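J.: As you go down the protein sequences, you meet chains A and B in turn.
Positions in the first sequence are counted from 1; adding 28 to them yields the working numbering.
Positions in the second sequence are counted from 1; adding 28 to them yields the working numbering.
Glycine residues also receive a C-beta, built at the ideal position from the N, C-alpha and C atoms.
Computed from a prediction, not measured in an experiment: that's the story for all the values here.
Take a look at the following structure, please.
Number of protein chains: 2
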Amino acid sequence: MNLAAIQLHDSVFASRQKTGHDVTIPSCLKRCRETGRIDAFRLQWKKGDPNPPHVYWDSDVAKVLEGMAEMLMIHPDPAMEKELDELVDLIVSAQRDDGYLNVHFTVVEPEKRWSNLGDWHELYCAGHLIEAAVAHFQATGSRKFLDAMCRYADYIASVFGPAPGQKRGYPGHEEIELALVRLYRTTGETRYLNLAKYFIDERGADPNYFSETEKSIPRDFLSNRQAHKPVREQEQAVGHAVRAVYLYCGMVDVAVETRDCVLLNAAIRLFDNLSRRRMYITGGIGSTSIGEAFTTDFGLPNDTAYAESCAAIGLAMFAKRLLDVTNEGKYADVLERVLYNNALSGISLSGDEFFYANLLEVNDATHEHGNTCKKRQAWFGCSCCPTNYCRFLPQLGAFCCKAAEKCLRIDVPAAARISTDAYEVRIDGNYPYDGNIAVTIERGGSFALALRIPGWCADWSVELNGAPADRTLEASYLKMTREWKSGDRIALKLEMKPEVIYPHPGIAADAGRVAVQRGPLIYCLESLDNPGVSLPNAILPPVPEFRMGKAAGLPEDTVALRCAAKAEFSKSDMLYRKTPPQYGRVDLCFIPYALWQNRGESAMQVFVRIAPAAF
Amino acid sequence: MNLAAIQLHDSVFASRQKTGHDVTIPSCLKRCRETGRIDAFRLQWKKGDPNPPHVYWDSDVAKVLEGMAEMLMIHPDPAMEKELDELVDLIVSAQRDDGYLNVHFTVVEPEKRWSNLGDWHELYCAGHLIEAAVAHFQATGSRKFLDAMCRYADYIASVFGPAPGQKRGYPGHEEIELALVRLYRTTGETRYLNLAKYFIDERGADPNYFSETEKSIPRDFLSNRQAHKPVREQEQAVGHAVRAVYLYCGMVDVAVETRDCVLLNAAIRLFDNLSRRRMYITGGIGSTSIGEAFTTDFGLPNDTAYAESCAAIGLAMFAKRLLDVTNEGKYADVLERVLYNNALSGISLSGDEFFYANLLEVNDATHEHGNTCKKRQAWFGCSCCPTNYCRFLPQLGAFCCKAAEKCLRIDVPAAARISTDAYEVRIDGNYPYDGNIAVTIERGGSFALALRIPGWCADWSVELNGAPADRTLEASYLKMTREWKSGDRIALKLEMKPEVIYPHPGIAADAGRVAVQRGPLIYCLESLDNPGVSLPNAILPPVPEFRMGKAAGLPEDTVALRCAAKAEFSKSDMLYRKTPPQYGRVDLCFIPYALWQNRGESAMQVFVRIAPAAF
């Protein structure tokens, strides 16, 4: 991942990225320090001390470090680089002689190393440390973190495997699989790929490691960890959503590197189930807080959605991988849906408050519990989501395109400059708020330019240097191969009108409701913009007419949508009554879902009632 | 409670009661035997043995015994009486010398007696044993169980209290409070009333017993146990719904016996909050499986409703108590709502399958987890609900009226014969399916007859011996005081037409939907009666017209309702699409909610979409 190749200058991603640098990373680092997560690596904790290092603490620090390194790639910052260097020294200093590196199982419960893979997070933490080390090497050229993590991976490879005396286990929380392939790609050492493949192949195999080693396994334990059957036989996205998509990423990575079509097809099948049956319109996945998990096909409740921020980030990673393997627009459609909606809703515009669960509906009846909140929080006991944003934000540009030597594939045409040895291309426009996109060749060369026509777009046109261009599509991409000259210019016009989107009739929670979409953005109602309207009782006319406008207190470029509608109300305060409701006219104001709860607490609703066409 | 005074012969309650005798009690007893709950009282379990007696096992057995005793009162059965007698001997044999009686804390963890009142169930089990002993004494006249439980209560009174050396604790799961008042009323010993009052008064007092004795208390721990503040200061029904209503019953009982108006008013205030803001239209309470608890005002989701069967039974007990104290019809309205809907839905017509959670909507998207199921189960790990029906069913008649010497108050006019020393009265008719009720004096006397005019009834008439009678109501009761003669006859006609009921606009889950009600019965759609219709996508016309009819496979008297409506469908299989739905005409068939899932598995829905009046 050469993050430096893509420099964003759009109004959405670039500003989020800047906030990530200025606010998100410093504030997460501060929280890590305040909560003892950083000092924990000094290994000074002793029995009886307060605040014992938790099994997942290492992963939080690792994600911040990965984020710092990746931020350095797109945004050089000597002070941050120095701080990162010191942190790397501290972390590496905690490594044991045998290569092991985990704070909790070094100072709190050393006797329990590798003893409960199902519930604890050793291999998960190891994965994040490996990812951070790879990013640190890529950003700085320094091998000190990378070499240490190679030693750790080598040690893990000695512990786990099919040989006599080795543990036949695998992580309860996946992550190390994709990290090991990343390590393999960076170092060229096939033993890391082999270890990733071992973890993938062993998962859910018979006899089942978890069933064999844990005394009594609760109902759903195995499926929650995607260990209910071998991964190649899995057909439905089940269990803990973050674990699932991290696993699926690892499956694609191993499949690609080992040319394993069966494994790749299993991942594609899981993606199809997930994206065609189990995904919120915002790109959210994992419908229930119980086990942070997938539930059933069409089980997509709005007011109890879990749709964890980490799961959205993980789905973006999964979709991006399948897009890169297949070059098929359907994966870009999901990727873009996640990026502009659930992924961005998880973090405040200010960059220092986060949703763990991303509800699609909030009202007075909403029940807050656990990590399900109506308001973003600065931090969580298990703070995986905030620290995930530290690394997700610098990666935003890399999610928008694939800049290979012979082909530049533009998936999400956010304004950016893409520079490689082979070419330099500039994208201008105000995407996602405007469908007019200009692609200018700033330094030419012989390569294919593949421009995605989004799945949401019903009408579009394209001109090359002022003349209509060939409209032939390959899997939703307009591919132009030629010897590009500096100054060549493509004008792509994507029709971007506000529309209502009808959910599948199987989604019981959405019956009689529609979502409002414009371009890749899903909209929502916030009561802040609609004072006096009970959102569940607002009703769009059968054929709504939207006007574009502004909403106070949101970034300048933001396009709000207005629509004449009606709202039901009752004069009775009875819980159940015989008198029908009354109706009043209202002018509803919709804002992009990703921006909700940035102006204080508010009721919110994505799916809005619509009157039947005729009765 | 003189259960023998009321002999039901209606088509709903009487048949359920017979099934309770013939099936529910024998099958629960069998399950108790099979699972080791009965043999546990032999105290043979030793460390290392499988299947250790659980902390709540005693309560399951106690409820079956209470049910057997109460069933004997209305339905003499020498074989059942003999079996009960043997079981009582076994249970009493497990009592310790100091009076203590709890299997788990005698054989499994004897060192932990009274050590964790918040999580374990010692005092709860004691309460059910006391209730069983009272019922056994009332049914048989034998004092052996009663005396043993007096000894247990005396021992508990020595352990708990404000004196030096006593524990200032109280139960984490309420129940013993109401049981102790029942014991006091039976024995006349005020020390049992005093102990009940102590538990009520101490609850939530400062310093808080649970906060002081348990190391770290999870969020919501105190409110889940109604111990977040003193009970007299509580204004909202919070926490675990079964615990809550059992507590509230104890509060009313203590208030009545001690003439404590503040305590009674607290109970009334809690009832008002519960019944005006936190109760399903079926009488269900406790909206979430998380903590089996109340959530927020208007937080009444349908497809994730918990609405535990035990909570419905407990709400019937609570409403009955306030009705008896106040003689106000609003309590009878809630009582009747619970009895005919949520309470009966919890048990199958066959009498041997049970819902723990009573969903108000089931479809393909419904997520089954824990005790939330689409299908009644024969038994549960924690089997409180099945065993609660063993005692609830024989009590049904007692829930329908209050037969005091100088006043017979008829609350629910199910067909029955009510016999006391002072009078004998017969109620005929086909209530709740028909609104024509005949009340005949079979043996006269000087007493007041109070007939309830239900809150659901918009129009009614009454005749006494063929002539119109005075229509003056007192708190929804028509009260006739006279010297009744044998053969005197009252004809009460309650208009009973099918109606749609609009939920409060604050109930977000019900927005745009209505329930269908006729008389006291809430109706629902089952897909079994509506093949090919996706229930969430069925839409009633703005002014539905219902026809009365039959539904196949339900008891003969059952009135089903039919209504011409429309249903939305889509030809697309896409999760999200741009094309609007299409509409087809359907003839919907509604059945009483209490009878759903008696003919196999089926989708089900109580709140059904209705088209807005005009657009």
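What residues from chain A crowd round Ser562(B), counting only those whose CB sits closer than 9 angstroms?
T.: If you number the second sequence from 1, residue 562(B) lands on position 534. Per Cβ cutoff of 9 angstroms: Pro533, Gly534, Ala536, Ala539.
J.: Since Phe408(B) meets chain A, which of its residues come closer than 9 angstroms, beta carbon to beta carbon?
T.: Sequence index remark: in the second sequence, residue 408(B) carries index 380 (1-based). The premise fails here: Phe408(B) is roughly 13 angstroms from chain A at the closest Cβ pair, so nothing lies under 9 angstroms.
J.: Check the DSSP bridge columns for Glu511(B) and list the partner residues they point to.
T.: Position 483 of the second sequence, counting from 1, holds the residue named residue 511(B). Answer by DSSP bridge pairing, in chain order: Ser474(B).
J.: Can you tell which of Leu250(A), Ala160(A), Ile158(A) has its C-alpha closest to the C-alpha of Gly200(A)?
T.: In the first sequence, counting from the first residue as 1, residue 200(A) sits at position 172. When each option's Cα is compared against that of Gly200(A), the closest is Leu250(A).
J.: Is it right to say Lys74(B) is buried, meaning 16 or more other beta carbons lie within 10 angstroms of its own, or is it exposed?
T.: Taking the first residue of the second sequence as 1, we reach residue 74(B) at position 46. Under the 10 Å beta carbon count, Lys74(B) is surrounded by fewer than 16 other beta carbons and is classified as exposed.
J.: If you check the beta carbons only, do Gln633(A) and Arg404(A) fall under 8 angstroms apart?
T.: Numbered from its first residue, the first sequence carries residue 633(A) at position 605. Numbered from its first residue, the first sequence carries residue 404(A) at position 376. Result no, Cβ atoms of Gln633(A) and Arg404(A) do not sit closer than 8 angstroms.
J.: How big is the Cα-Cα spacing for Gln35(B) and Ile446(B)?
T.: For the purposes of this step, residue 35(B) is taken as the residue at position 7 of the second sequence. For the purposes of this step, residue 446(B) is taken as the residue at position 418 of the second sequence. Straight-line Cα distance between these residues: approximately 6 angstroms.
J.: Along chain B, in chain order, which residues have C-beta atoms closer than 7 angstroms to that of Gly327(A)?
T.: For this step, residue 327(A) is matched to residue 299 along the first sequence. Per Cβ cutoff of 7 angstroms: Ala393, His395.
J.: Quick check on Glu114(A) - is its C-beta less than 8 angstroms from some C-beta in chain B?
T.: To locate residue 114(A), count along the first sequence from 1; it is residue 86. Cβ-Cβ to chain B under 8 angstroms: no for Glu114(A).
J.: With distances taken between CB atoms, is the gap from Ile53(A) to Cys60(A) smaller than 8 angstroms?
T.: Taking the first sequence and counting its residues from 1, the one referred to as residue 53(A) is at position 25. Taking the first sequence and counting its residues from 1, the one referred to as residue 60(A) is at position 32. The answer is no: Cβ separation not under 8 angstroms.
J.: Should Lys606(A) be flagged as near chain B, meaning a C-beta pair shorter than 8 angstroms?
T.: Position 578 of the first sequence, counted from the first residue, corresponds to residue 606(A). Yes, its Cβ sits closer than 8 angstroms to a Cβ of chain B.
J.: Is Ile204(A) helix, strand or coil when you go by DSSP?
T.: The count along the first sequence starts at 1 and reaches residue 204(A) at position 176. The three-state secondary structure of Ile204(A), taken from DSSP, is helix.
J.: According to DSSP, what are the bridge partners of Ile465(B)?
T.: The sequence position of residue 465(B) within the second sequence is 437, counting from 1. BP columns for Ile465(B) point to Gly457(B), Leu520(B).
J.: Any residues in the region 611-642 of chain A with a beta carbon nearer than 8 angstroms to a beta carbon of chain B? Which ones, in chain order?
T.: Against chain B - using a Cβ distance shorter than 8 angstroms - the residues of the region 611-642 of chain A are Tyr611, Arg637, Ala639, Pro640, Ala641, Ala642.
J.: Do Pro620(B) and Tyr530(B) come within 8 angstroms of each other at the CB atom, strictly closer than that value?
T.: Counting from one through the second sequence, the residue named residue 530(B) turns up at place 502. Counting from one through the second sequence, the residue named residue 620(B) turns up at place 592. For Tyr530(B) and Pro620(B), no; Cβs fall outside 8 angstroms.
J.: Between Asp331(A) and chain B, is any beta-carbon pair separated by less than 8 angstroms?
T.: Within the first sequence, numbered from 1, the residue matching residue 331(A) stands at position 303. Yes, its Cβ sits closer than 8 angstroms to a Cβ of chain B.
J.: At least one CB of chain A closer than 8 angstroms to the CB of Pro609(B): is that the case?
T.: Here residue 609(B) refers to the residue found at position 581 of the second sequence. By this cut-off, Pro609(B) is an interface position.
J.: What's the call for Arg231(B), buried or exposed, on a 16-neighbour Cβ count within 10 Å?
T.: The count along the second sequence starts at 1 and reaches residue 231(B) at position 203. With 16 or more Cβ atoms within 10 Å of its Cβ, Arg231(B) is classed as buried.
J.: Grab the span of the alpha helix (DSSP H) containing Leu223(B) for me, first residue to last.
T.: Along the second sequence, one-based indexing puts residue 223(B) at 195. First-last of the alpha helix (DSSP H) with Leu223(B): 218-230.
J.: Can you list, in chain order, the residues of the region 508-530 of chain A whose Cβ is nearer than 9 angstroms to any Cβ on chain B?
T.: Contacts with chain B (Cβ-Cβ distance below 9 angstroms) from the region 508-530 of chain A involve Glu527, Val528, Ile529, Tyr530, listed in chain order.
J.: Leaving out the 5 sequence neighbours to the left and right, which residues in its chain are closer than 7 angstroms to Lys434(B) when beta-carbon positions are compared?
T.: Along the second sequence, read from residue 1 onward, the residue named residue 434(B) stands at position 406. Excluding positions up to five away in sequence, the list reads Phe475, Ala476.
J.: Counting only beta-carbon separations shorter than 8 angstroms, does Thr63(A) have a partner in chain B?
T.: Within the first sequence, residue 63(A) is the residue found at index 35, counting from 1. It does not: the Cβ of Thr63(A) has no partner Cβ on chain B nearer than 8 angstroms.
J.: Which residues mark the beginning and the end of the alpha helix (DSSP H) in which Asp325(B) is found?
T.: Your numbering for residue 325(B) matches position 297 in the second sequence. Unbroken run through Asp325(B): none, as it is neither H nor E.
J.: Excluding five sequence neighbours on each side, which residues of the same chain lie with their C-beta closer than 7 angstroms to the C-beta of Cys428(B)?
T.: Residue 428(B) sits at position 400 when you count from the first residue of the second sequence. Cβ within range, chain order: Ile34, Asp439, Val440, Ala442, Ala444.
J.: Between Gln610(B), Val528(B), Asp585(B), which lies nearest to Phe574(B) when the distance is taken from Cα to Cα?
T.: Position 546 of the second sequence, counted from the start, is the residue given in the question as residue 574(B). Of the listed residues, the one whose Cα sits closest to Phe574(B) is Val528(B).
J.: Please return the same chain residues whose Cβ sits closer than 8 angstroms to the Cβ of His156(B), not counting the five positions on each side in sequence.
T.: Taking the second sequence and counting its residues from 1, the one referred to as residue 156(B) is at position 128. Result list for His156(B): Asp86, Ser87, Ala90, Lys91, Glu94, Glu203, Ala207, in chain order.
J.: If we call anything under 8 angstroms between Cβ atoms a contact, is Ile341(B) one with Asn222(B)?
T.: Here residue 341(B) refers to the residue found at position 313 when the second sequence is read from its first residue. Here residue 222(B) refers to the residue found at position 194 when the second sequence is read from its first residue. No.
J.: Could you tell me whether the Cβ of Thr316(B) comes closer than 8 angstroms to any Cβ of chain A?
T.: Taking the first residue of the second sequence as position 1, residue 316(B) is located at position 288. It does; some Cβ of chain A falls within 8 angstroms.
J.: Candidates Arg124(A), Trp148(A), Pro569(A), His49(A): which alpha carbon is nearest Val83(A)'s?
T.: The count along the first sequence starts at 1 and reaches residue 83(A) at position 55. Answer by Cα proximity: Trp148(A).
J.: Can you tell me whether Trp624(B) is helix, strand or coil according to DSSP?
T.: Along the second sequence, read from residue 1 onward, the residue named residue 624(B) stands at position 596. In the structure shown, Trp624(B) sits in coil (DSSP, three-state: anything other than H, G, I, E or B).
J.: Write down every uninterrupted run of the alpha helix (DSSP H) in the region 75-129 of chain B whose length is 4 residues or greater and which is fully enclosed by it, in chain order.
T.: Fully enclosed alpha helix (DSSP H) runs of no fewer than 4 residues occupy 85-102, 106-121 of the region 75-129 of chain B, in order along the chain.
J.: Does the separation of the CB atoms of Cys413(B) and Cys56(B) fall below 8 angstroms?
T.: Position 385 of the second sequence holds residue 413(B). Position 28 of the second sequence holds residue 56(B). For Cys413(B) and Cys56(B), no; Cβs fall outside 8 angstroms.
J.: Confirm, please, whether the CB-CB distance from Pro609(B) to Leu549(B) is below 8 angstroms.
T.: Counting from 1 along the second sequence, the entry for residue 549(B) is found at position 521. Counting from 1 along the second sequence, the entry for residue 609(B) is found at position 581. No, Cβ-Cβ distance for Leu549(B) and Pro609(B) is not below 8 angstroms.
J.: Would you give the residue range spanned by the alpha helix (DSSP H) that Cys552(B) belongs to?
T.: Residue 552(B) sits at position 524 when you count from the first residue of the second sequence. Note, Cys552(B): premise wrong, no alpha helix (DSSP H); beta strand (DSSP E) at 549-554.
J.: With distances taken from CA atoms, which of Gly494(B), Lys507(B), Arg605(B), Ala566(B) is nearest Ala543(A)?
T.: Numbered from its first residue, the first sequence carries residue 543(A) at position 515. Nearest C-alpha to Ala543(A): Arg605(B).
J.: Would you grab the beta carbon distance between Gly267(B) and Phe322(B) for me? Rounded to a whole angstrom, and I think it's under 8 angstroms.
T.: On the second sequence, position 239 is the one that residue 267(B) refers to. On the second sequence, position 294 is the one that residue 322(B) refers to. About 6 angstroms separates the two Cβ atoms, so the contact holds.
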